[in-house]
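A short worksheet on the structure shown next.
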Amino acid sequence: MSTHDDTRHDGSEWSRRTFLKRSAGALALLAVQGAFRFDALAQEQQRGYQFFNRSEGELLEALAGRIWPGDAQDPGAIEAGAVHYIDRALAGPYASYQRSYRVILHGLNEQLRQRFGVSVRELDDDQLDLLVGELEDQDEEDDELGLLPGRELELGLGPDSTFQMIRQHVMEGVFSDPIYGGNRNFVGWRAVNYPGAHYVYTAEEQQVFEPLTKPYQSVADL
Amino acid sequence: MAEQPRKDVVIVGYGAGSGPASVELARAGYSVVALERGPHWTAQRDFTPSQLDTLRWVTRDGMIPDFDRMPMTFRENQDEEAVPTAYLMSTLVGGATVHWSGQSWRFFEDDFRMKSTVEELYGQERLRYLEEDGASIADWPISYDEVEPYYERVETHVGIGGWPGNIQGRIRPVRADEGNPFEAPRENDYPFRPLRENATTLTYRYGALELGLHPFHVPTAILTRPYLSPYGISRPPCTYCTFCTGHGCWNASKSDTRVSLLPAAVATGNFELRPGCHVTRINHQNGRVESVEYVDTNTGEVHTQPGEIFLLGAYTFQNVRLLLHSGIDANGKVGQHFMTRSSPSANAIFNDRYLNGFNGPAVQRQGIDDFNGEVAHERKLELPDDEFFIRGAFMGSPSQRNPLETYDQVPPGVPTWGREYKRYLSENLNRYIGLQLLTEPLPYEHSRIDLDPNYSDQYGVPAARVTRRIGQNERRMGRFIFDRAVEILRAAGASQIWGSGEVEATPSMTHDTGGLRMGEDPGDSVTNRYCQMWDVPNLFIGGGAVFPTMAGKNPTQTIWMLSYWLADAIVQGRVDVDDAESFS
Numbered sequence: 190m191s192t193h194d195d196t197r198h199d200g201s202e203w204s205r206r207t208f209l210k211r212s213a214g215a216l217a218l219l220a221v222q223g224a225f226r227f228d229a230l231a232q233e234q235q236r237g238y239q240f241f242n243r244s245e246g247e248l249l250e251a252l253a254g255r256i257w258p259g260d261a262q263d264p265g266a267i268e269a270g271a272v273h274y275i276d277r278a279l280a281g282p283y284a285s286y287q288r289s290y291r292v293i294l295h296g297l298n299e300q301l302r303q304r305f306g307v308s309v310r311e312l313d314d315d316q317l318d319l320l321v322g323e324l325e326d327q328d329e330e331d332d333e334l335g336l337l338p339g340r341e342l343e344l345g346l347g348p349d350s351t352f353q354m355i356r357q358h359v360m361e362g363v364f365s366d367p368i369y370g371g372n373r374n375f376v377g378w379r380a381v382n383y384p385g386a387h388y389v390y391t392a393e394e395q396q397v398f399e400p401l402t403k404p405y406q407s408v409a410d411l
Numbered sequence: 173m174a175e176q177p178r179k180d181v182v183i184v185g186y187g188a189g190s191g192p193a194s195v196e197l198a199r200a201g202y203s204v205v206a207l208e209r210g211p212h213w214t215a216q217r218d219f220t221p222s223q224l225d226t227l228r229w230v231t232r233d234g235m236i237p238d239f240d241r242m243p244m245t246f247r248e249n250q251d252e253e254a255v256p257t258a259y260l261m262s263t264l265v266g267g268a269t270v271h272w273s274g275q276s277w278r279f280f281e282d283d284f285r286m287k288s289t290v291e292e293l294y295g296q297e298r299l300r301y302l303e304e305d306g307a308s309i310a311d312w313p314i315s316y317d318e319v320e321p322y323y324e325r326v327e328t329h330v331g332i333g334g335w336p337g338n339i340q341g342r343i344r345p346v347r348a349d350e351g352n353p354f355e356a357p358r359e360n361d362y363p364f365r366p367l368r369e370n371a372t373t374l375t376y377r378y379g380a381l382e383l384g385l386h387p388f389h390v391p392t393a394i395l396t397r398p399y400l401s402p403y404g405i406s407r408p409p410c411t412y413c414t415f416c417t418g419h420g421c422w423n424a425s426k427s428d429t430r431v432s433l434l435p436a437a438v439a440t441g442n443f444e445l446r447p448g449c450h451v452t453r454i455n456h457q458n459g460r461v462e463s464v465e466y467v468d469t470n471t472g473e474v475h476t477q478p479g480e481i482f483l484l485g486a487y488t489f490q491n492v493r494l495l496l497h498s499g500i501d502a503n504g505k506v507g508q509h510f511m512t513r514s515s516p517s518a519n520a521i522f523n524d525r526y527l528n529g530f531n532g533p534a535v536q537r538q539g540i541d542d543f544n545g546e547v548a549h550e551r552k553l554e555l556p557d558d559e560f561f562i563r564g565a566f567m568g569s570p571s572q573r574n575p576l577e578t579y580d581q582v583p584p585g586v587p588t589w590g591r592e593y594k595r596y597l598s599e600n601l602n603r604y605i606g607l608q609l610l611t612e613p614l615p616y617e618h619s620r621i622d623l624d625p626n627y628s629d630q631y632g633v634p635a636a637r638v639t640r641r642i643g644q645n646e647r648r649m650g651r652f653i654f655d656r657a658v659e660i661l662r663a664a665g666a667s668q669i670w671g672s673g674e675v676e677a678t679p680s681m682t683h684d685t686g687g688l689r690m691g692e693d694p695g696d697s698v699t700n701r702y703c704q705m706w707d708v709p710n711l712f713i714g715g716g717a718v719f720p721t722m723a724g725k726n727p728t729q730t731i732w733m734l735s736y737w738l739a740d741a742i743v744q745g746r747v748d749v750d751d752a753e754s755f756s
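Here the protein sequences line up with chains Y and X, keeping their order.
First residue of the first sequence: 190, per the numbering used here; consecutive thereafter.
First residue of the second sequence: 173, per the numbering used here; consecutive thereafter.
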């Protein structure tokens, strides 16, 4: 487990920034165009994904695991099944984001392999953090790519950059009702002590200034 | 094209602007048909238990139409090309009241005479900056005293509860420490009390009291006891679930047009609701509407619906757009003086307590009006010129803080991903308060809605194009109100406070009003005091588009009130639907 999650935010770990610029930093999304081939999309079905191929799912899971980190004791996005949530959303109501995910994830994987000879599985937590940080820093360039359906229309609703899109969807996979495929065993809600779908709150429950103890419950349990 | 049987009254859009009128007109014996483009969802069949789901209804805006179906464009200045945008408004029988918060109140007396009030208080010289900005403030053609009984009818018939702050001039007559002491005088008490307190409201209330302010529990369109309305509609009290704003109420405790009014209209036998019927044009001749043209989206068939009296009850943008598209704009005033809010934000966490802000409906809320309207005019008189502003804001403490609605609420300096982010949310999400700062926007000459030349909907009707920018008044008010919010949060014991008093122009903030201004002069307004079009006397406007000025308050009760008001004017013959200028 990494102990350096916040290094990129205080700006003090310049050796890591240097690593970023030399390796992961070169993962400029602008370079990915043309590398994209539909026929390269593997049909391997892993984890019951309906949209992602294996390498896409692995990469997104790695990113999700750094956005909302966790382990067996303190479950995070991976344990919540956040990528499973995103996969099901992309196969349904978020279909308009399919192209964005395909291009972005395929491009990142290609960059990792072709230019650095690594796959996402070989990156450690610190390197993954730098990768996520680079995605965050590249927001403006992503806008220019016009990859996001929301951005093209300037809706003012929904995510407006690659990083914000991935982050928002990961957090939805952590905090949404388990009926959507994420928040498994309520691990997202447990992290913030949110009991979920309840018809009733009593006056006693509402007027305490202490953590509430109420069973975790899905809309499917009602 | 099939022509439907003629009706006495034809309603376009079934929501707050048309619901009360539909009941009153049908009860008076008029045959009424309501054409509503959205579906009809009933509480039992569609809302239980599916509404207890934040992702579907809030994150994914389950009740709000797709952009492509309801096009709107936005620009700040007339010389710019407007770009497509979106607005947050539902498409269903009952309209936005189905998924609203239910914070419901009367406007102040001086909201109805805003121009006169500020001129008397501050003088022309102090208000010169408003002129420079093109502000088009005005008085309403109606007074609070005239509409007071109609406000009360909304409270009793639709179902609004609260603590009275002013009954016939007696301040806080029921509880010395509850009710809004600055509210306009009411003839009678509310029919029931508002929601109870929770950790969030108690915390905010404490801060306001510490500063000598006058906190009160906001009046709520949510039942707190079993209630039988004068229409004979019985509904159960709220159970304090947290799926309220953005959701339809699974328990039918939230008062809305669909559960409080529609059954009363249906019970008359004179009312017909046609869901899924999208009106695309108003057919008119010689200053008289003959019929409306609509697409029945269930069948794809196009129909005309003839009638005697027509009431537009769709949303502000749609009402304006339909008029312009139909060529109804004799004096060139349709679409002008559009208003929407640009509000500052103030947030806090409290290290010494849990607030569990996720529990309870959003309007389980304490608030203050100490800085709303002109309540604080003495203090404002002492502001330096470059900070001076007119009007103000309601400032309240909403509940319903579910994780999907608050995971972005982190102070500057805290990362938005990673272990530190997770640690922060785990420790603080249930210690969070984010205030509602309901700043009053001003109307401007340059703020308007017209037809976009580039974009149109699936029926070829041009998109509504919003041109709006804000002025010095909004900017100064934003900063002042933010500073007051910080003081309250600090007094309440906040450990960390963040937000911004800087506001920017938006095309829509769900309180979109103006555009079809009511007035006394046919040359300078769109409707008369009864929401009747000056140049088309059998056409009435339901909804906030008729507001000449806005308020630091939610508009819905005033929209319901005006719908009762215009219906009474029709039933009692105060208007002549054949000749607009001849009414008394």
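Cβ atoms here follow ideal geometry from the backbone N, Cα and C, with glycine treated the same way.
In this text the structure is predicted, and so the values were computed from the model without any measurement.
Using a beta-carbon distance cut-off of less than 7 Å, what residues from the segment 530-545 of chain X approach chain Y? Phe530, Asn531, Gly532
To the nearest angstrom, how far is it from the Cα of X/Tyr399 to the Cα of X/Gly333? Numbered from its first residue, the second sequence carries residue 399 of chain X at position 227. Numbered from its first residue, the second sequence carries residue 333 of chain X at position 161. Whole-angstrom Cα-Cα distance: 11 Å.
If you measure from the beta carbon of Y/Tyr405 to each beta carbon in chain X, is any gap under 8 Å? The count along the first sequence starts at 1 and reaches residue 405 of chain Y at position 216. Output row for Y/Tyr405: interface = no.
Let me know if X/Arg397 comes out buried or exposed under the rule of 16 or more other beta-carbons within 10 Å of its beta-carbon. Taking the second sequence and counting its residues from 1, one reaches residue 397 of chain X at position 225. With fewer than 16 other Cβ atoms within 10 Å, it is exposed.
Express the C-alpha separation of Y/Phe241 and X/Arg493 in angstroms, rounding to a whole number. For the purposes of this step, residue 493 of chain X is taken as residue 321 along the second sequence, with counting starting at 1. For the purposes of this step, residue 241 of chain Y is taken as residue 52 along the first sequence, with counting starting at 1. Taking the straight line from one Cα to the other gives about 43 Å.
Which full runs of the alpha helix (DSSP H) of 4+ residues lie inside the segment 261-297 of chain Y, going along the chain? 266-269, 271-279
Who are the near neighbours of X/Ser425 in its chain, counting only those whose CB is closer than 8 Å to its CB and skipping five residues on each side? For the purposes of this step, residue 425 of chain X is identified with residue 253 of the second sequence, where counting begins at 1. Excluding residues within five positions, the ones whose Cβ falls inside 8 Å are Ile394, Leu395, Arg407, Pro408, Pro409, Cys410, Thr411.
Straight-line gap, Y/Leu411 to X/Asp558 (C-alpha atoms, nearest Å): In the first sequence, residue 411 of chain Y corresponds to position 222, counting from 1. In the second sequence, residue 558 of chain X corresponds to position 386, counting from 1. Roughly 56 Å separates the two Cα atoms.
Under 8 Å between C-beta atoms, does X/Pro575 make it to chain Y? As a first step, residue 575 of chain X must be located in the second sequence, where it is residue number 403. For X/Pro575, the answer is yes, since a Cβ of chain Y falls inside 8 Å of its Cβ.
Just to confirm the assignment, what range does the alpha helix (DSSP H) spanning X/Glu292 have? For the purposes of this step, residue 292 of chain X is taken as the residue at position 120 of the second sequence. For X/Glu292, the enclosing alpha helix (DSSP H) covers residues 286-298.
Quick check: X/Ile757 and X/Thr721, are their CB atoms within less than 8 Å of each other? Nothing about residue 757 of chain X can be reported from this structure: the residues present for chain X run from 173 to 756 only.
Counting only beta-carbon separations shorter than 8 Å, does Y/Ala271 have a partner in chain A? Included in the structure are the protein chains Y and X, with no chain A among them.
At a Cβ cut of 9 Å, what residues of the segment 374-401 of chain Y count as close to chain X, listed as they run along the chain? Gly377, Trp378, Ala380, Val381, Asn382, Tyr383, Pro384, Gly385, Ala386, His387, Tyr388, Val389, Tyr390, Thr391, Ala392, Glu394, Gln395, Gln396, Val397, Phe398, Glu399, Pro400, Leu401
Just to make sure I have the definition right: I need the residues of chain Y whose C-beta is within less than 8 Å of the C-beta of X/Lys594. Which are they? Within the second sequence, numbered from 1, the residue matching residue 594 of chain X stands at position 422. Those within 8 Å of X/Lys594 in chain Y are Trp257, Pro258, Gly259, Gly265, Ala380.
Collapsed DSSP secondary structure at X/Asp693 in the structure displayed: Taking the second sequence and counting its residues from 1, one reaches residue 693 of chain X at position 521. X/Asp693 falls in the coil class under three-state DSSP.
Indicate whether X/Leu527 and X/Thr414 have their beta-carbon atoms separated by less than 8 Å. Taking the second sequence and counting its residues from 1, one reaches residue 527 of chain X at position 355. Taking the second sequence and counting its residues from 1, one reaches residue 414 of chain X at position 242. For X/Leu527 and X/Thr414, no; Cβs fall outside 8 Å.
X/Thr639 and X/Arg656: beta carbons closer than 8 Å? Taking the first residue of the second sequence as position 1, residue 639 of chain X is located at position 467. Taking the first residue of the second sequence as position 1, residue 656 of chain X is located at position 484. No; because the gap between Cβ atoms is not below 8 Å, this pair is not in contact.
Would you say Y/Phe241 lies against chain X (beta-carbon separation less than 8 Å)? Along the first sequence, one-based indexing puts residue 241 of chain Y at 52. Using a Cβ-Cβ cut-off of 8 Å, Y/Phe241 does not count as an interface residue toward chain X, since no Cβ of chain X sits closer than that to its own.
Report the start-end ranges of each alpha helix (DSSP H) in the segment 463-509 of chain X that is 4 residues or longer and not cut off at the edges. 488-497
X/Ala199 - DSSP class collapsed to helix/strand/coil: Start at 1 with the first residue of the second sequence, and residue 199 of chain X comes out as number 27. According to the sequence provided, residue 199 of chain X is Arg. The question's Ala does not apply to it. Residue state, collapsed to three classes: helix.
Report yes if the C-beta distance between X/Lys594 and Y/Ala380 is below 8 Å; otherwise report no. Within the second sequence, residue 594 of chain X is the residue found at index 422, counting from 1. Within the first sequence, residue 380 of chain Y is the residue found at index 191, counting from 1. Yes, Cβ-Cβ distance for X/Lys594 and Y/Ala380 is below 8 Å.
Should Y/Thr391 be labelled buried (16 or more other beta-carbon atoms within 10 Å of its own) or exposed? Within the first sequence, residue 391 of chain Y is the residue found at index 202, counting from 1. By the 10 Å Cβ count, Y/Thr391 comes out exposed.
Below 8 Å on the Cβ atoms is my contact criterion, and I expect X/Ile183 with X/Leu483 to pass it. Report the Cβ-Cβ distance as a whole number of Å. To locate residue 183 of chain X, count along the second sequence from 1; it is residue 11. To locate residue 483 of chain X, count along the second sequence from 1; it is residue 311. 5 Å between Cβ atoms; contact.
From X/Ser672 to X/Gln538, what distance separates their C-alpha atoms? Position 500 of the second sequence holds residue 672 of chain X. Position 366 of the second sequence holds residue 538 of chain X. Straight-line Cα distance between these residues: approximately 21 Å.
Can the beta-carbon of X/Gly606 be found less than 8 Å from the beta-carbon of X/Asn519? Here the question's residue 606 of chain X lines up with position 434 in the second sequence. Here the question's residue 519 of chain X lines up with position 347 in the second sequence. Yes, the pair counts as a contact, with Cβ atoms nearer than the cut-off.
Backbone secondary structure at X/His450 - three-state DSSP: Taking the first residue of the second sequence as position 1, residue 450 of chain X is located at position 278. DSSP places X/His450 in strand when its eight states are reduced to three.
Could you tell me which of X/Thr471, X/Asp707, X/Gln508 sits nearest to X/His618, measuring between CA atoms? In the second sequence, counting from the first residue as 1, residue 618 of chain X sits at position 446. Of X/Thr471, X/Asp707, X/Gln508, the residue nearest in Cα terms is X/Gln508.
Members of the segment 410-432 of chain X near chain Y, C-beta cut-off 9 Å: Thr411, Tyr412, Cys413, Thr414, Phe415, Trp422, Asn423
Under three-state DSSP, which class holds X/Pro625? Along the second sequence, read from residue 1 onward, the residue named residue 625 of chain X stands at position 453. If DSSP states are grouped into helix, strand and coil, X/Pro625 belongs with the strands.
Quick one: grab the DSSP three-state call for X/Pro391. As a first step, residue 391 of chain X must be located in the second sequence, where it is residue number 219. DSSP places X/Pro391 in coil when its eight states are reduced to three.
Start-to-end residues for the beta strand (DSSP E) that takes in X/Thr685: By 1-based counting over the second sequence, the position of residue 685 of chain X is 513. Counting along the chain, the beta strand (DSSP E) containing X/Thr685 begins and ends at 685-687.
Buried or exposed (CB count within 10 angstroms, at least 16 for buried), Y/Ala409: Locating residue 409 of chain Y in the first sequence gives position 220, where the first residue counts as 1. By the 10 Å Cβ count, Y/Ala409 comes out exposed.
Quick check: is the beta carbon of Y/Met360 nearer than 8 Å to any beta carbon in chain X? Taking the first residue of the first sequence as 1, we reach residue 360 of chain Y at position 171. With 8 Å as the cut-off, Y/Met360 counts as an interface residue toward chain X.
Assuming the contact rule is C-beta atoms closer than 8 Å, Y/Trp378 and Y/Gly385 should be a hit. Round their C-beta distance to whole Å, please. Here the question's residue 378 of chain Y lines up with position 189 in the first sequence. Here the question's residue 385 of chain Y lines up with position 196 in the first sequence. Y/Trp378 to Y/Gly385, Cβ: 6 Å. Contact.
Return no unless some Cβ of chain X is closer than 8 Å to the Cβ of Y/Pro282. Here residue 282 of chain Y refers to the residue found at position 93 of the first sequence. Interface residue, yes.
Suppose you measure from the CA of X/Gly234 to the CA of Y/Tyr369; what does that come to, to the nearest Å? Position 62 of the second sequence, counted from the first residue, corresponds to residue 234 of chain X. Position 180 of the first sequence, counted from the first residue, corresponds to residue 369 of chain Y. Whole-angstrom Cα-Cα distance: 15 Å.
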